[in-house]
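A short write-up of the structure that comes next.
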Amino acid sequence: MMAQPRARKAWYVVELLPEQTGGRGISVVYRYSQDLDAVLILWLIAGP
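First residue of the sequence shown? That's 1194 in my numbering, and the numbers climb one at a time after it.
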């Protein structure tokens, strides 16, 4: 049995500052899988 190569995945963080959103900062942490061509949102954080 041959070992499967590791899936190609990358983690990203996108931050929107309060100036961009009208008063509330927002951060999105997500993982992208190139093999599946899919995105999984892990965290959605909204600040005061």
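Glycine residues also receive a C-beta, built at the ideal position from the N, C-alpha and C atoms.
Output the distance between the C-alpha atoms of Pro-1211 and Gly-1240, rounded to the nearest integer angstrom. C-alpha separation (whole angstroms): 9 angstroms.
Supposed contact pair Val-1206 and Val-1222 - C-beta distance, whole angstroms, cut 8 angstroms: Rounded, the Cβ-Cβ distance is 5 angstroms, consistent with contact.
Backbone CA spacing between Leu-1209 and Ile-1234 [nearest angstrom]: Leu-1209 and Ile-1234: Cα-Cα distance of roughly 16 angstroms.
From Trp-1236 to Ser-1220, what distance separates their C-alpha atoms? Trp-1236 and Ser-1220: Cα-Cα distance of roughly 8 angstroms.
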